[in-house]
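Visitor: Here it is, the structure, as structure tokens.
Protein chains: 2
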Amino acid sequence: MVDIIKNEDLMEAIEQFYFAYRSFTAGPDRVLQERSLGRVHHRILYFVGRNPHISVNALLSVLAVSKQALNGPLRVLVDQGLVNTEMSTEDRRIKQLTLSPEGRKLERQLTRIQMQQLDAVFSRAGRKPMQCWLDIMREIPRVGPL
Amino acid sequence: MVDIIKNEDLMEAIEQFYFAYRSFTAGPDRVLQERSLGRVHHRILYFVGRNPHISVNALLSVLAVSKQALNGPLRVLVDQGLVNTEMSTEDRRIKQLTLSPEGRKLERQLTRIQMQQLDAVFSRAGRKPMQCWLDIMREIPRVGPL
DNA sequence: GGATAAAGGTCAATATAGTTTACCTAACGA
DNA sequence: TCGTTAGGTAAACTATATTGACCTTTATCC
Numbered sequence: 057m058v059d060i061i062k063n064e065d066l067m068e069a070i071e072q073f074y075f076a077y078r079s080f081t082a083g084p085d086r087v088l089q090e091r092s093l094g095r096v097h098h099r100i101l102y103f104v105g106r107n108p109h110i111s112v113n114a115l116l117s118v119l120a121v122s123k124q125a126l127n128g129p130l131r132v133l134v135d136q137g138l139v140n141t142e143m144s145t146e147d148r149r150i151k152q153l154t155l156s157p158e159g160r161k162l163e164r165q166l167t168r169i170q171m172q173q174l175d176a177v178f179s180r181a182g183r184k185p186m187q188c189w190l191d192i193m194r195e196i197p198r199v200g201p202l
Numbered sequence: 057m058v059d060i061i062k063n064e065d066l067m068e069a070i071e072q073f074y075f076a077y078r079s080f081t082a083g084p085d086r087v088l089q090e091r092s093l094g095r096v097h098h099r100i101l102y103f104v105g106r107n108p109h110i111s112v113n114a115l116l117s118v119l120a121v122s123k124q125a126l127n128g129p130l131r132v133l134v135d136q137g138l139v140n141t142e143m144s145t146e147d148r149r150i151k152q153l154t155l156s157p158e159g160r161k162l163e164r165q166l167t168r169i170q171m172q173q174l175d176a177v178f179s180r181a182g183r184k185p186m187q188c189w190l191d192i193m194r195e196i197p198r199v200g201p202l
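In the order they appear, the protein sequences are chains A and B. If you read the first sequence in this note's numbering, its first letter stands for residue 57, the second for the next number, and so on. If you read the second sequence in this note's numbering, its first letter stands for residue 57, the second for the next number, and so on.
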């Protein structure tokens, strides 16, 4: 059985992964900078948007940051009225996070940039290559750390 | 003409891109931490390894950081004997960077972690999906910023 | 009921990583 | 010689993240 994957392919993959991710985050970063927000704010908006009523602890786990690193940015978003909090009815220790309409608006603005970028590439490549890409991306954390 | 790419696909792509990249960088980060080095050192080692005799300015461009942000980490690597410098013979202002044997060793150690991770996924997926993945990654910076 | 644990919040100290601004030398080239 | 380029440094600043310690409120377990 021969190796179907060449070292040169793997080297190029490493490089393109770096360049692609850098480009992928650059768009939202620019919008965020105008509001003096950073990537953590973006991630909060994204994951709260995708998981309404998520608890602070759950958010902590998915973002893999310390409580203190989350708390500052989260408070900013709550203070600016982009994220709403409500007590859980079953367990009143738990704070449930949701996006406000304005928070949803910003989240969509940021997400749209990345969606457009990916859509431009996926549309040209076709549906099947997109599926391959997505399958591979899903597997990467499963064979590595985190 | 219908949209072949669904919004839900794009949303998942955004998310998997984030998780995959985080996992992808976590392995080398751990090794680097033991030596008190960071990602900039890694990028320097990687690009100098791939482009021997690269100039400081060229490295600056490819990494897209300020001269000051590069200078510290680069000096550390030179002081530790991981990167060698030599004057260009045609233009003695230009400093050419290459990896020392020990620098090459560390670069290979770091790169191997990421190569193994990608190889595990690519081998299972097959050569054609890998090509799709790589083609898409190559295109992402071409339709976006940077 | 009382101990313990869990969810969340906050402060302080620290580390790192990056920025901009500014100024320096050495070498090239017209 | 003069302007430009390659490279090096320093200061002040910003941000992002860490760990450790300590606090309240609420739930749960015995």
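Ideal placement from N, C-alpha and C gives every residue a C-beta, glycine not left out. Bear in mind that the values here come from a model prediction, so they are computed numbers and not experimental data.
Closest by CA to residue 60 of chain B, which one among A:99, A:184, A:199 and A:201?
Guide: Of the candidates A:99, A:184, A:199 and A:201, the one whose C-alpha sits nearest the C-alpha of residue 60 of chain B is A:184.
Visitor: Does DSSP classify residue 126 of chain B as helix, strand or coil?
Guide: Helix at residue 126 of chain B.
Visitor: Cβ closer than 9 Å: which chain B residues qualify as neighbours of residue 163 of chain A?
Guide: None at all; the shortest Cβ gap to chain B is about 11 Å.
Visitor: Can you tell which of B:156, B:84, B:172 and B:147 has its C-alpha closest to the C-alpha of residue 66 of chain A?
Guide: Ranking the options by Cα distance to residue 66 of chain A, first place goes to B:172.
Visitor: Using a Cβ-Cβ cut-off of 8 Å, state whether residue 145 of chain B counts as contacting chain A.
Guide: No - not a single Cβ of chain A is within 8 Å of the one on residue 145 of chain B.
Visitor: Do you know how far the Cα of residue 193 of chain A is from the Cα of residue 204 of chain B?
Guide: It is not possible to answer for residue 204 of chain B, since the shown part of chain B is limited to 57 through 202.
Visitor: Rounding to the nearest angstrom, what Cα-Cα distance links residue 78 of chain B and residue 202 of chain A in this structure?
Guide: Each residue's Cα considered, the two are about 8 Å apart.
Visitor: Does DSSP put residue 121 of chain B in a helix, a strand or coil?
Guide: Note: residue 121 of chain B maps to coil in three-state DSSP.
Visitor: Please compile the residues from chain A whose C-beta is within a distance smaller than 7 Å of the C-beta of residue 76 of chain B.
Guide: Here the neighbours are 193, 196 and 197.
Visitor: Answer with buried or exposed for residue 81 of chain A, where buried requires no fewer than 16 other C-beta atoms within 10 angstroms of its C-beta.
Guide: That one is buried.
Visitor: Could you have a look at residue 58 of chain B and say whether DSSP puts it in helix, strand or coil?
Guide: In this structure, residue 58 of chain B counts as coil in the three-state DSSP scheme.
Visitor: Just the C-alpha distance for residue 100 of chain B and residue 115 of chain B, rounded to the nearest angstrom, thanks.
Guide: Between residue 100 of chain B and residue 115 of chain B, the C-alpha separation is close to 8 Å.
Visitor: In the DSSP assignment, the beta strand (DSSP E) including residue 136 of chain B goes from what residue to what residue?
Guide: That residue, residue 136 of chain B, is in no beta strand (DSSP E); it is neither H nor E in DSSP.
Visitor: Measure the alpha-carbon distance for residue 95 of chain A versus residue 181 of chain A and round it to whole angstroms.
Guide: Each residue's alpha carbon lies about 29 Å from the other.
Visitor: In the DSSP assignment, find the beta strand (DSSP E) that holds residue 155 of chain A and state where it starts and stops.
Guide: First-last of the beta strand (DSSP E) with residue 155 of chain A: 151–155.
Visitor: Do we get a CB-CB distance below 8 Å when we pair residue 185 of chain B with the residues of chain A?
Guide: Residue 185 of chain B counts as touching chain A.
Visitor: Where does residue 141 of chain A sit, in a helix, a strand or coil, going by DSSP?
Guide: Three-state DSSP puts residue 141 of chain A in a strand.
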